[in-house]
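Participant:
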Amino acid sequence: MNQNFKTMVTRLGSHNPTSLSVPENIPITMSSVFAFDDVESLNKVYNGDAEGFIYSRMTNPVHEALKEVMFSIDEGEDALVFSSGMAAITSTLITHLHSGDHVLASHVLYGETYEFLKYQLKKFNIDVTFVDFSNDNWEQYFTPKTKLVYTETISNPMMAVDNLTEIANIAHDYHAKLVVDNTFATPIVCQPLNLGADIVVYSATKYLCGHGDVTGGIVVSNKETISAIDKVGTLYGGCISPFDAWILIRSLKTLELRMREHSNNALKLADFFEGHPKINKVYYPGLQSSPSFNPASSFFNNELYGGMLSVDLKGNDESYRTFIDNLEGIKFVPSLADVKTSVCSPAITSHRNLSDNELKQAGISKGLIRISTGLENIDDLISEFDKVLNLI
Numbered sequence: 143m144n145q146n147f148k149t150m151v152t153r154l155g156s157h158n159p160t161s162l163s164v165p166e167n168i169p170i171t172m173s174s175v176f177a178f179d180d181v182e183s184l185n186k187v188y189n190g191d192a193e194g195f196i197y198s199r200m201t202n203p204v205h206e207a208l209k210e211v212m213f214s215i216d217e218g219e220d221a222l223v224f225s226s227g228m229a230a231i232t233s234t235l236i237t238h239l240h241s242g243d244h245v246l247a248s249h250v251l252y253g254e255t256y257e258f259l260k261y262q263l264k265k266f267n268i269d270v271t272f273v274d275f276s277n278d279n280w281e282q283y284f285t286p287k288t289k290l291v292y293t294e295t296i297s298n299p300m301m302a303v304d305n306l307t308e309i310a311n312i313a314h315d316y317h318a319k320l321v322v323d324n325t326f327a328t329p330i331v332c333q334p335l336n337l338g339a340d341i342v343v344y345s346a347t348k349y350l351c352g353h354g355d356v357t358g359g360i361v362v363s364n365k366e367t368i369s370a371i372d373k374v375g376t377l378y379g380g381c382i383s384p385f386d387a388w389i390l391i392r393s394l395k396t397l398e399l400r401m402r403e404h405s406n407n408a409l410k411l412a413d414f415f416e417g418h419p420k421i422n423k424v425y426y427p428g429l430q431s432s433p434s435f436n437p438a439s440s441f442f443n444n445e446l447y448g449g450m451l452s453v454d455l456k457g458n459d460e461s462y463r464t465f466i467d468n469l470e471g472i473k474f475v476p477s478l479a480d481v482k483t484s485v486c487s488p489a490i491t492s493h494r495n496l497s498d499n500e501l502k503q504a505g506i507s508k509g510l511i512r513i514s515t516g517l518e519n520i521d522d523l524i525s526e527f528d529k530v531l532n533l534i
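Numbering of the sequence shown is given in this note's numbering, commencing with residue 143 and proceeding in unit increments.
#1: Mark Ile490 as exposed unless 16 or more other C-beta atoms lie within 10 angstroms of its C-beta, in which case mark it buried.
#2: Shortest alpha-carbon distance to Glu257 belongs to which of Thr232, Arg512 and Thr285?
#3: Using a Cβ cut-off of 8 Å (strictly closer), state whether Lys373 contacts chain C.
#4: Might you give, ordered along the chain, the residues of its own chain that have their beta carbon closer than 8 Å to the beta carbon of Tyr197, omitting 5 neighbours on each side?
#5: For the alpha helix (DSSP H) that contains Glu366, what are its first and last residues?
#6: For Glu526, which of Phe465, Leu478, Ile506 and Ser507 has the nearest alpha-carbon?
#7: Shortest alpha-carbon distance to Gly338 belongs to which of Val356, Leu350 and Asn311?
#8: Quick one: what does DSSP say Asn422 is sitting in, helix, strand or coil?
#9: Once you ignore the five residues that flank Val400 on each side, which residues in its own chain have a CB closer than 6 Å to its CB?
#10: Could you check whether Ser484 and Ser514 sit closer than 8 Å to each other, using their CB atoms as the reference points?
#11: Is Met143 buried or exposed, if buried means 16 or more other CB atoms sit within 10 Å of its CB?
#12: Please tell me whether Gly354 and Ser225 are closer than 8 Å, where the distance is taken between their beta carbons.
#13: Nearest-angstrom Cα distance between Lys319 and Leu290?
#14: Which whole runs of the alpha helix (DSSP H) in the segment 415 to 501 are 4 residues long or more, in chain order?
#15: According to DSSP, simplified to helix, strand and coil, what is Arg512?
#16: Around the C-beta of Lys348, are 16 or more other C-beta atoms found within 10 angstroms, so that it is buried, or is it exposed?
#17: Taking 7 Å as the limit between beta carbons, can you name the residues of its chain near Phe213, skipping five residues before and five after?
#18: Taking the C-alpha atoms as reference points, what is the distance between Ser405 and Glu500?
#19: Restricting to Cα atoms, I'd like to know which of Gly253, Pro427, Pro203 and His238 is closest to Ser383.
#20: Mark Lys209 as exposed unless 16 or more other C-beta atoms lie within 10 angstroms of its C-beta, in which case mark it buried.
#21: The alpha helix (DSSP H) that contains Tyr256, what's its start and end?
#22: May I ask which residues mark the beginning and end of the beta strand (DSSP E) holding Ile341?
#23: Which residues mark the beginning and the end of the beta strand (DSSP E) in which His244 is found?
#24: Exposed or buried, which one is Met172 when buried takes at least 16 other CB atoms within 10 Å?
#25: On the DSSP letters alone, give me the boundaries of the alpha helix (DSSP H) that Tyr188 sits inside.
#26: Check Gly218 in the structure and name its three-state DSSP category.
#27: Applying the 10 Å Cβ sphere with the 16-neighbour rule, what's the burial state of Phe396?
#28: Using the three-state DSSP reduction, which class does Thr328 fall into: helix, strand or coil?
#29: Could you check if Val181 is buried or exposed, using at least 16 other CB atoms within 10 Å of its CB as the buried criterion?
#30: In the DSSP output, what is Phe224 paired with across the bridge?
#31: Quick one: give me the first and last residue of the alpha helix (DSSP H) that Leu531 is part of.
#32: Quick one: grab the DSSP three-state call for Lys287.
#33: Give the single residue among Pro437, Leu496 and Leu533 whose Cα lies nearest to the Cα of Leu469.
#34: Measuring alpha carbon to alpha carbon, tell me which of Leu350, Leu455, Val270 and Glu254 ends up nearest Lys423.
#35: Measure from the alpha carbon of Asp528 to the alpha carbon of each residue in Phe385, Lys264, Phe414 and Ala327, then state which is nearest.
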């Protein structure tokens, strides 16, 4: 094998030929780094004097396309994309918090968000107070050092919806920023920035992807805030692959269609569970019996309430095992938001590292089942759930 051949196969095939046509879908730029013709070009891109790309941990053409889609549908100014929802959340928190600062957070959150707030921030000498935002007295917990207020649009797994506008106004009165995890709602159901939130975070793994084949995270805010988070996020290295970013762009094209069907099925399923003798309580903001119905009806779009619900089973402490183990077409999955309906027990999955007391304070019992409603025929779903409930 001569040098000429090795040189050719190394260097050729790296650049697209000129053409009068362009791809209908954005190409996947599978390159970790980008080349420059000269030193001056590199300096211009680094200094922000010219557009261009340097290293895919910083950003990539597919990342930029995904950002544009997200900040547009969420009505923000800019966005960042990450390798997971937790990368998005932790980068946001670390950017805005320093030693001695204080955070007010909802007492019901995704388990690992709760863990990071309670245990990891302590290592940085950052205090966190967990509060019930539906309680009129939560404002008393502000201190001069409170920098952030953190909550979820629809809480995981209790499906509670608080008055985001009121929370935002109070937070701003104390010069604190409001961060909202909008994973369960998506921009189709709710746009927290329009309600006063300063920063919106997502696990893109869930509905934004919607097919169970990508992990990713997204932050949406104004340009100044995104620039600050970008500097921290780049250093921590939570970058999403170009391929996964491309999958998310593809998935977002059907987000509205999917969220309508998820929401419609979830409401019908919640109605079914509410009338079932083997169910103690149904947690779904679209039910008129829910304490979250009024705020959800006020702030949610298109009379949609999301695809997630939880039910509290009657019976003993092993009822959840009977329920889960006897499902057939509906699977036991420690995640959510696929096109297929799935169930999980938060006490042994998303919130398994919480103490018994922490679970009790959040209202999470062993009998609580979280249901991610898919896109199947609703009659088939009701039939299977009814069959397994009769075994309890």
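Even glycine gets a Cβ: it sits at the ideal position worked out from N, Cα and C.
Facilitator: Let's see:
#1: exposed
#2: Thr232
#3: Structure shown: chain C not included; a single protein chain is present.
#4: Ser174, Val175 and Phe176
#5: Lys365 to Tyr378
#6: Phe465
#7: Asn311
#8: strand
#9: It should be pointed out that residue 400 corresponds to Arg in this sequence rather than to Val. Closer than 6 Å at the Cβ level, and outside the excluded window around Arg400, lie Gly352.
#10: yes
#11: For Met143, the pLDDT reaches just 44, beneath the cut-off of 50, and the residue's location in the model is therefore unreliable, although a value from the coordinates is still provided. Per the 10 Å Cβ criterion, exposed.
#12: no
#13: 5 Å
#14: 435 to 441 and 461 to 467
#15: strand
#16: buried
#17: Glu219, Asp220, Ala221 and Val362
#18: 30 Å
#19: Pro203
#20: buried
#21: Gly253 to Glu257
#22: Ile341 to Ser345
#23: His244 to Ser248
#24: exposed
#25: Val181 to Tyr188
#26: coil
#27: Here residue 396 turns out to be Thr, not Phe, going by the sequence shown. When all chains shown are included, Thr396 counts as exposed.
#28: helix
#29: exposed
#30: Gly359
#31: Ile520 to Leu531
#32: coil
#33: Leu533
#34: Leu455
#35: Phe414
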